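Residues in the sequence shown are numbered from 330 upward in steps of one, following the numbering used here. Reading through the structure tokens given below for one structure.
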Amino acid sequence: MSSGDERILVDFVGEFFVTGSGATEPRKGRVLMSPHRLVLAGSDDRRTIPMSAVVDVAVGHVPPAMREFFNDSVSVAYERDGERRFAVVEAGSDAVDKFTTILFKAQLNGVEATVEHPARRGGRVLDAPTRLGTLRVKRGRVVFADLPSPFEVDLGTVTEISKPSRTLRGSARPTLEIRHFPSATSVTTDVALPTQRKTNLLSRYLRLEYSDLLAELEDVSLTDEEIQALVGLYSAGETADPTDLVTAGSGRPTVLDSLREKGLVEGGERTALTPKGRVAVTDRFDAVD
């Protein structure tokens, strides 16, 4: 791994499990990665995964047979001999976070992206030109560089991702529609990448925090009054005045207190939705901007 011109991007000790290896439990060993390959080196064997074969990267998703063994983990799906296989790697949470970011960087940095931004602001369709840019993955965000006006998408502001069939620059390409909140008003960015594999990996990275918020919302129940308040705040955006969002005498302060306790709103006089609150609206209620 260290010979030749391959730079070592990752080198740490962890536990790993590879489907098809014949092992029944995770093995301890070194995890090494260059721009071209991922190597899992145990005491008695060594697995090499070409980066070009990686088709998915998921945090915290483990094959059912291995769930009892893993906590802070990354699953890497890859193709070999026409079959999809998985390698699950576990280490401390900090190491997993860094490893995840570097994995996505290795897959996506420098990829050409066809971009319409902003394609929509709120519910309004804009006449944005289609431009060619370049992806740059940073920890917790994606930068769209080499554009007249470069911009970035913070993972914590993403509330919806869809994969429509689109034609950009005269050809049909795998496309992502990314709804995010750089301010109090939603923006939709359309991004087309050269291959379905790269599109799936970008979608997975953009969903890292969004997926966590969805998981947190599974245990949150809402009253009709709380739903009305959330949708009102979402629709009003920066112009929201909490006292105008429900009828008089409805117990509004109690509703706001309840929503704060659930982590769905924040602020005092200028109450606003948290990222979790925005995801709640877009995921559950199909709110119209």
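Glycine is no exception: its CB is placed at the ideal position from the N, C-alpha and C atoms. Quantities reported herein were computed from a predicted structural model and do not represent experimental measurements.
Taking its Cβ as the centre, do 16 or more other Cβ atoms sit within 10 Å of residue i, making it buried, or is it exposed?
{"i": "Glu419", "result": "buried"}
{"i": "Val347", "result": "buried"}
{"i": "Gln525", "result": "exposed"}
{"i": "Gly421", "result": "exposed"}
{"i": "Val471", "result": "buried"}
{"i": "Ser363", "result": "buried"}
{"i": "Thr568", "result": "Bear in mind that the predicted position of Thr568 carries a pLDDT of just 49, short of 50, making it unreliable; the figure below should be weighed with that in mind. Exposed: under 16 other Cβ atoms inside 10 Å."}
{"i": "Ile507", "result": "buried"}
{"i": "Ala609", "result": "buried"}
{"i": "Thr486", "result": "buried"}
{"i": "Thr353", "result": "exposed"}
{"i": "Thr583", "result": "exposed"}
Roughly how many angstroms separate the alpha carbons of residue i and residue j, rounded to a whole number?
{"i": "Thr552", "j": "Gly561", "result": "14 Å"}
{"i": "Gly593", "j": "Ser564", "result": "Checking the displayed sequence, the identity of residue 593 turns out to be Leu instead of Gly. So the alpha carbons of these two residues sit roughly 15 Å apart."}
{"i": "Asp475", "j": "Gly439", "result": "10 Å"}
{"i": "Gly462", "j": "Asp548", "result": "40 Å"}
{"i": "Glu335", "j": "Thr459", "result": "36 Å"}
{"i": "Glu555", "j": "Leu588", "result": "7 Å"}
{"i": "Lys605", "j": "Asp373", "result": "45 Å"}
{"i": "Leu464", "j": "Leu530", "result": "12 Å"}
{"i": "Ser532", "j": "Glu590", "result": "30 Å"}
{"i": "Thr576", "j": "Gln557", "result": "Below a pLDDT of 50, predicted positions are generally treated as unreliable, and Thr576, at 45, falls in that range; no measurement from the model is reported."}
{"i": "Arg376", "j": "Ser500", "result": "39 Å"}
{"i": "Thr600", "j": "Arg613", "result": "21 Å"}
{"i": "Leu369", "j": "Pro355", "result": "11 Å"}
{"i": "Phe415", "j": "Ser404", "result": "7 Å"}
{"i": "Ala411", "j": "Gly371", "result": "A small fix is needed here, since residue 411 is Gly in this sequence, not Ala. Using only the alpha carbons, I get a separation of about 25 Å."}
{"i": "Ser350", "j": "Ala457", "result": "50 Å"}
{"i": "Phe473", "j": "Lys527", "result": "15 Å"}
{"i": "Leu546", "j": "Tyr539", "result": "11 Å"}
{"i": "Leu585", "j": "Ser550", "result": "15 Å"}
{"i": "Asp541", "j": "Val482", "result": "17 Å"}
{"i": "Ser478", "j": "Leu559", "result": "33 Å"}
Short of 6 Å in beta carbon distance, which residues of its chain neighbour residue i, apart from the five on each side in sequence? Order them along the chain.
{"i": "Phe433", "result": "Val466 and Tyr534"}
{"i": "Leu367", "result": "Ile378"}
{"i": "His365", "result": "Met380"}
{"i": "Arg495", "result": "Thr504"}
{"i": "Thr611", "result": "Thr488 and Glu489"}
{"i": "Lys357", "result": "Glu344"}
{"i": "Leu537", "result": "Leu484"}
{"i": "Ala521", "result": "Thr443, Leu497, Arg502 and Thr504"}
{"i": "Ala424", "result": "Phe341"}
{"i": "Glu397", "result": "none"}
Leaving out five residues on either side along the sequence, give the residues of the same chain with a beta carbon under 7 Å from the beta carbon of residue i.
{"i": "Ala382", "result": "Tyr407, Glu408 and Arg409"}
{"i": "Arg498", "result": "Thr443 and Thr459"}
{"i": "Gly578", "result": "Low confidence applies to Gly578: its pLDDT is 46, below 50, so where it sits in the model is not reliable enough to give any reading."}
{"i": "Arg468", "result": "Thr430"}
{"i": "Leu543", "result": "Val608 and Asp612"}
With residue i and residue j assumed to form a contact (beta carbons below 8 Å), what rounded beta-carbon distance in angstroms separates them?
{"i": "Phe510", "j": "Arg607", "result": "6 Å"}
{"i": "Val360", "j": "Val388", "result": "Not confirmed; about 15 Å, so no contact."}
{"i": "Val417", "j": "Phe399", "result": "6 Å"}
Cutting at 8 Å between CB atoms, please list the residues of its own chain near residue i, excluding the five before and the five after it.
{"i": "Val454", "result": "Ala448"}
{"i": "Pro523", "result": "Val440, Glu441 and Arg502"}
{"i": "Val386", "result": "Val403, Ser404, Val405, Ala406, Thr429, Leu432, Phe433, Gln436, Leu530, Arg533 and Tyr534"}
{"i": "Thr603", "result": "Gly592, Leu593, Val594 and Glu595"}
{"i": "Arg413", "result": "Val384, Ala406 and Tyr407"}
**Message:** Would the segment 487-500 count as touching the segment 413-432 if we require 3 or more Cβ pairs under 8 Å?
**Reply:** no
**Message:** Check whether the segment 516-531 and the segment 442-458 are in contact - that is, three or more C-beta pairs closer than 8 Å.
**Reply:** yes
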